[in-house]
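**Student:** In the working numbering, the protein residues as written are 1 to 332. The C-beta atom is built at its ideal place from N, Cα and C for all residues, glycine as well. These numbers come from a predicted model, not from an experiment. Following this message is one structure expressed as C-alpha cells.
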Amino acid sequence: MDLESIILNVKNSPVGTVIKNKQFIHYLTKSINFNFSVKGHDLTFPAPQPVSIEKKDFSKLKQYKYYTSLKLDGVRFLMYFIKDKNSKNQCIIVNRALNFYNISIEAEDTLYNGTLLDGEIIYDSYNKKWDFVVHDALILCGNKINKLSHSTRLNDTKYCVHSFVTYSTNSTLNISVKEFYPFEEFADFIENVYNKSENNDGIIFMPENLPVISGTQYSMLKWKPKNKHTFDFLLKEVEIGLQAYVFHLGNLNIFANIHAKTEKGKEFIEKSKQLDHYKNECIVECTFDKDTNNFSPILIRTDKTHPNGLRTIERTLFNISENIQIQDFMDI
Numbered sequence: 001m002d003l004e005s006i007i008l009n010v011k012n013s014p015v016g017t018v019i020k021n022k023q024f025i026h027y028l029t030k031s032i033n034f035n036f037s038v039k040g041h042d043l044t045f046p047a048p049q050p051v052s053i054e055k056k057d058f059s060k061l062k063q064y065k066y067y068t069s070l071k072l073d074g075v076r077f078l079m080y081f082i083k084d085k086n087s088k089n090q091c092i093i094v095n096r097a098l099n100f101y102n103i104s105i106e107a108e109d110t111l112y113n114g115t116l117l118d119g120e121i122i123y124d125s126y127n128k129k130w131d132f133v134v135h136d137a138l139i140l141c142g143n144k145i146n147k148l149s150h151s152t153r154l155n156d157t158k159y160c161v162h163s164f165v166t167y168s169t170n171s172t173l174n175i176s177v178k179e180f181y182p183f184e185e186f187a188d189f190i191e192n193v194y195n196k197s198e199n200n201d202g203i204i205f206m207p208e209n210l211p212v213i214s215g216t217q218y219s220m221l222k223w224k225p226k227n228k229h230t231f232d233f234l235l236k237e238v239e240i241g242l243q244a245y246v247f248h249l250g251n252l253n254i255f256a257n258i259h260a261k262t263e264k265g266k267e268f269i270e271k272s273k274q275l276d277h278y279k280n281e282c283i284v285e286c287t288f289d290k291d292t293n294n295f296s297p298i299l300i301r302t303d304k305t306h307p308n309g310l311r312t313i314e315r316t317l318f319n320i321s322e323n324i325q326i327q328d329f330m331d332i
C-alpha cells in the first residue's frame, strides 16, 4: 500500500497508510466515539476542545485545582492501538478531518489490547524527528482511565509509554508525554518553560479533577498572546467573490461577503487563492487586525472539515479586546 503524508503543509511530513475501507473506518469511528461516550451515528472528531480564557474565568483558577502547560503549535490527532479482526496489531491515528492513517510504532503486545491517546504531532527540530506529544488518555492496555484525575491519567500513560514503546528508525513517530505544572507555580512555569520555548502559541489550563469528555470543554482553558489569535472560516466561491461561513446552531451560516471589487476584498481573495491547498469550500485560517478591523488569510487547514462556530468567533474577538496579559495570571 502506498504511503502518504500525514501533514500536508510540510515537505518532510511523517507518512502513513491511508485507511480507505469504509467498514473499517465506521468501526474505528464507532469504537472511538463509544470510548468518548458519544452517542448517535454522526462522524465527528470527539476529543475535547478548550475554550479561550476570559477574566470571568479567573475564579475557576482560584477555586479549583489546575495545571498549566504549553499550548503546542502542532496538529491534533488521536492515536489508537488495537487488534483488528485478524488479531493483527494496528496503530492508527486520526485527525480532526477524520482522516485515518495506519502507522508504524514498535510496542509490546499489551498496548494493543486497547490504548487511546489524545495529543499533537510536532517536529522536534533539535533531534530532527517527529513526536506525538500526549496530553491526555482514555484507555491504557484495555483499562479505561477516563474518570481518573488528569495527573493520574498522564502518570499512567508515562509508565506505559516508557515500559511498552521502543522508538526506532522504523517508527513513524516518537511518543512522549506532555509536562504539566501546578498553577500555584505559574511564575516558575513562565520563567523556566514558557519563556524558553519556541514551539508554542500559548498556554493551556487543565482542570485536575474532571473526567475526559467530548466536545467543548468549558473548564479546559487556553490563552494566546494577542498576535496569535486565529479564526477558521469555510470559503465558498460565488459571483461577487467569496463568502466566509461559520457554524451556528448546527448549520453553516454566512459570516461575511467578500467582494472582489473592493480593495480589501480583492486582497483577501488573492491571498487566499495563493495559499497551498486552496480549493473551493476549504477551511482557511485567518488572523485579525484590530486597527483595520480586517481578517487576513494565512493557512489552509487541511486537517479540518468544519469552520469555527459563531460563538467561537465572537468570543475570540472578545479575547482580543480584553487583551489578558501573563501578569494578569500572576496577580490571581
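1) Does the Cβ of SER69 have 16 or more other Cβ atoms within 10 Å, making it buried, or fewer, making it exposed?
2) Name the one or two DSSP bridge partners that HIS350 has.
3) Pull up the distance between the alpha-carbon of SER149 and that of LYS271, whole angstroms please.
4) Please classify LYS55: is it buried, with 16 or more other beta-carbons within 10 angstroms of its beta-carbon, or exposed?
5) What are the residues that DSSP puts in a beta bridge with ILE283?
6) May I ask which residues mark the beginning and end of the alpha helix (DSSP H) holding ARG315?
7) Taking 8 Å as the threshold (C-beta atoms), are GLY16 and THR172 in contact?
8) What residue range does the alpha helix (DSSP H) around ALA97 cover?
9) According to DSSP, is GLU341 part of a helix, a strand, or is it coil?
10) Is the beta carbon of ARG337 sitting closer than 8 Å to the one on ASN102?
11) Checking 8 Å against the spacing of the C-beta atoms, do PHE318 and PHE231 come in under that value?
12) In chain order, what are the residue ranges of uninterrupted beta strand (DSSP E) at least 3 long that sit wholly in the stretch 105 to 176?
13) What's the call for PHE34, buried or exposed, on a 16-neighbour Cβ count within 10 Å?
14) How is TYR278 classed by DSSP in three states: helix, strand or coil?
15) Is the beta carbon of ASP136 sitting closer than 8 Å to the one on ASN174?
16) With burial defined as no fewer than 16 other Cβ atoms inside 10 Å of the residue's Cβ, what is the status of ASN192: buried or exposed?
17) Should the stretch 103 to 123 be called in touch with the stretch 79 to 90, which here means at least 3 C-beta pairs below 8 Å?
18) Can you say whether ARG301 is buried or exposed, counting buried as having 16 or more other CB atoms within 10 angstroms of its CB?
19) Looking at the secondary structure, which residues open and close the alpha helix (DSSP H) in which PHE186 lies?
20) Measure the C-alpha to C-alpha separation of GLU185 and ALA97 and round it to an integer number of angstroms.
21) Taking Cβ to Cβ, would you say ASN146 is nearer than 8 Å to LEU138?
22) Taking SER197 as the reference, which of CYS141, ASP124, MET220 and ASP276 has the closest Cα?
23) Across which residues does DSSP place LEU252 in a beta bridge pair?
24) Can you check DSSP and say which residues form a bridge with GLU198?
25) In whole angstroms, what separates the C-alpha of ASN227 from that of ASN89?
26) Hey, is the stretch 249 to 264 in contact with the stretch 201 to 209, meaning 3+ C-beta pairs nearer than 8 Å?
27) Give me, in chain order, the residues of the same chain whose beta-carbon lies closer than 8 Å to that of THR152; leave out the 5 immediate sequence neighbours on both sides.
28) If you check the beta carbons only, do LEU299 and LEU275 fall under 8 Å apart?
29) What residues in its chain sit with their C-beta under 7 Å from that of ALA260, if we drop five residues either side in the sequence?
30) Could you give the distance in angstroms between the alpha-carbon of LYS304 and the alpha-carbon of ILE283?
**Tutor:** To lay it out plainly:
1) buried
2) Residue coverage of the chain in this structure runs from 1 to 332, which leaves residue 350 outside it and unanswerable.
3) 45 Å
4) exposed
5) LEU234
6) 310 to 322
7) yes
8) No alpha helix (DSSP H) holds ALA97; DSSP gives it neither H nor E.
9) The question about residue 341 has no answer here: the residues shown for the chain are numbered 1 through 332.
10) There is simply no residue 337 to check, as the chain begins at 1 and stops at 332 in what is shown.
11) no
12) 115 to 124 and 129 to 140
13) exposed
14) coil
15) no
16) exposed
17) yes
18) buried
19) 186 to 192
20) 36 Å
21) yes
22) ASP124
23) PHE247
24) BP columns for GLU198 are empty, so no partner.
25) 44 Å
26) no
27) ILE145
28) yes
29) ILE240, GLY241, LYS266 and ILE269
30) 7 Å
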